[in-house]
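J.: One structure coming up, written as C-alpha cells, with questions to follow.
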Amino acid sequence: MKEKISELIKNNPVRVFGLVYPYLLVIGILIGLYYISNLDQLARQKVPVVLPDTTKVEDLPIVAGKIIPAINVTEISQVSQTLIDKGRSLYSTNCSSCHGENGAGTGPASVGLNPAPRNFTKLEGWKNGAKLTQIYQTLQEGIQGSGMIAYEFLAPEEKFALAHYVRTFVPDPPMDTPDELTAIDQMYNLSAGQEVPSQIPVSVSEQIIAKEYESAFIKLTNIRNKILAERNNEGAKIFEKISINKIKTLSLLNNSSDTWKRSKDKLVNVLVSNFDNKVLSSSLFSLSDNDWNVLFNYLSSLF
C-alpha cells in the first residue's frame with residue numbers, strides 16, 4: 028500500500044496537492060478566525076500614551092534690570108587679601124549654612140540634603156572642579172539636581188572673591204591656565220560688562236496693560252462727559268459735528284496728544300491723516316480756519 032501511494036505521488040504529484048488542499052484551507056480559515064476574534068487586543072496599545080502637559084507653563088520670574096560692570100579677568104584671578112576678606116563675608120552670608128564655616132559641608136542646613144554639600148577640604152569628587160574658573164562657573168550656573176543654586180545676583184567681582192575664599196579650604200588647589208581665563212572671560216563677557224534688561228512675568232504685564240487700558244478708558248469717559256455737559260460751548264459743538272464715534276475720536280486724540288497739542292496745524296494733520304468714516308465725519312473737511320482754532324483751543328483744555 029505504501030509503495031502504491033509512493034508510486035502515485037511520483038507519477039502524478041498534482042493529485043497530492045488536491046488531497047491536502049482542503050486541509051490547508053481549513054487551517055487557513057481557523058487562523059483567520061482566531062486573528063479576527065483577537066483583533067481588538069492585537070490593535071490595542073498596551074503602553075498608555077502620556078501626552079506632555081503643555082498648558083502648564085511656568086511664568087517668567089521678575090528680574091530687575093541692572094548693569095554688570097566690566098572686570099579684568101587676569102587681574103582678578105590673582106588672589107589678594109582684599110578679595111579674600113570680601114569672599115569670607117560673602118561665604119558667611121550665602122554658603123556657610125550648607126558648607127559649614129570650615130568648608131567641610133557640615134553646615135546646619137546640610138542635614139537631609141541629597142547629594143550632600145561639597146566638602147571643600149577634599150580635592151576629590153568636585154562636579155566642575157576646584158580651579159578658580161570652575162568655581163566661578165558653578166557660582167554662575169549652579170549645579171542641576173542638587174541644592175547648589177546659581178548666584179547670578181552676585182556681581183562678577185563678588186563671585187571671583189567668593190571663589191578665591193572657597194579655594195582657601197582646598198588643599199593645594201589647582202591653578203588656571205591663561206587659556207582657561209580667556210575662555211571664562213569670553214563665556215560670560217566679563218571684560219566687556221553687560222546690561223541686563225528688566226523682565227516681568229506675562230501675567231504681571233497683562234495686569235499692567237489692563238490697568239493702563241482701564242485708566243485710559245476712565246480718562247476718555249470723563250472727557251466725553253465733560254463735552255456733553257458743555258454742549259453749548261462752540262468747541263464742543265464742533266467736536267460733536269465732526270465726530271461719529273466719540274470715544275474712538277478721543278482715543279485718537281489721546282494717543283497723539285504730544286503731536287497735535289503743538290499747534291492747530293498739527294491737529295488738522297492728525298485728524299485728516301487718520302480719517303476713518305466710521306470714526307470721523309466728512310464735515311471735518313469743511314471746517315473754516317476759525318473753526319479749527321476754536322476746536323484746537325477747546326481740545327487743548329480737555330487734554
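All you need for the working numbering is the position in the sequence shown, starting with 1, plus 27. Backbone N, C-alpha and C define an ideal beta-carbon position, used for all residues, glycine too.
(1) Restricting to Cα atoms, I'd like to know which of Gly92, Ser300, Leu51 is closest to Pro224.
(2) State the DSSP-derived secondary structure class of Val306, mapped to helix, strand or coil.
(3) I need the DSSP call for Glu222, collapsed to helix, strand or coil.
(4) Suppose contacts are defined by Cβ-Cβ distances below 7 Å. Is Val306 in contact with Asn272 by that definition?
(5) Whose CA, out of Leu181, Ser123, Phe323, Ile89, lies closest to the CA of Gln164?
(6) If you reduce the DSSP assignment to three classes, tell me which class Ser270 lands in.
(7) Hey, Gly174 and Leu140 are a contact pair by Cβ (cut 8 Å); roughly how many whole angstroms apart?
(8) Taking the straight line between their C-alpha atoms, what separation do you get for Phe312 and Pro228?
(9) Considering only C-alpha positions, which residue in the set Ala243, Ile103, Pro135, Glu261 is nearest to Leu208?
(10) Answer yes if the region 185-192 comes into contact with the region 110-127, meaning at least three C-beta pairs across the two stretches below 8 Å, and no otherwise.
(11) How many angstroms separate the CA atom of Ser310 from the CA atom of Val231?
(12) Assuming Ala131 and Thr148 are in contact, meaning their beta carbons sit under 8 Å apart, how far apart are those beta carbons, in whole angstroms?
(13) Would you call Val100 buried or exposed, if buried means 16 or more other Cβ atoms sit within 10 Å of its Cβ?
(14) Hey, out of Ile95, Ile162, Leu60, Tyr62, whose CA is closest to Gly220's CA?
(15) Counting along the chain, where does the beta strand (DSSP E) carrying Ile176 start and finish?
(16) Ignore the nearest five residues each way along the sequence and tell me which others in Asn301's own chain have a CB closer than 7 Å to its CB.
(17) By Cβ distance below 7 Å, which residues in the same chain neighbour Lys293 in space, the five residues on each side in sequence not counted?
(18) Checking 7 Å against the spacing of the C-beta atoms, do Ile89 and Glu184 come in under that value?
T.: The relevant details are as follows:
(1) Gly92
(2) coil
(3) strand
(4) Yes.
(5) Leu181
(6) In the structure shown, Ser270 sits in a strand (DSSP, three-state: E or B).
(7) Contact between Gly174 and Leu140 holds: CB atoms are separated by about 5 Å, below the 8 Å threshold.
(8) 46 Å
(9) If we check each option's Cα against that of Leu208, Ile103 comes out closest.
(10) yes
(11) 43 Å
(12) 5 Å
(13) buried
(14) Ile95
(15) Here Ile176 belongs to no beta strand (DSSP E), and DSSP marks it neither H nor E.
(16) Short of 7 Å from the beta carbon of Asn301, and not among the five residues preceding or following it, lie these beta carbons of its own chain, in chain order: Leu279.
(17) If you ignore the 5 residues before and after Lys293, its C-beta comes within less than 7 Å of the C-beta of Thr286, Trp287, all in its own chain and listed in chain order.
(18) no
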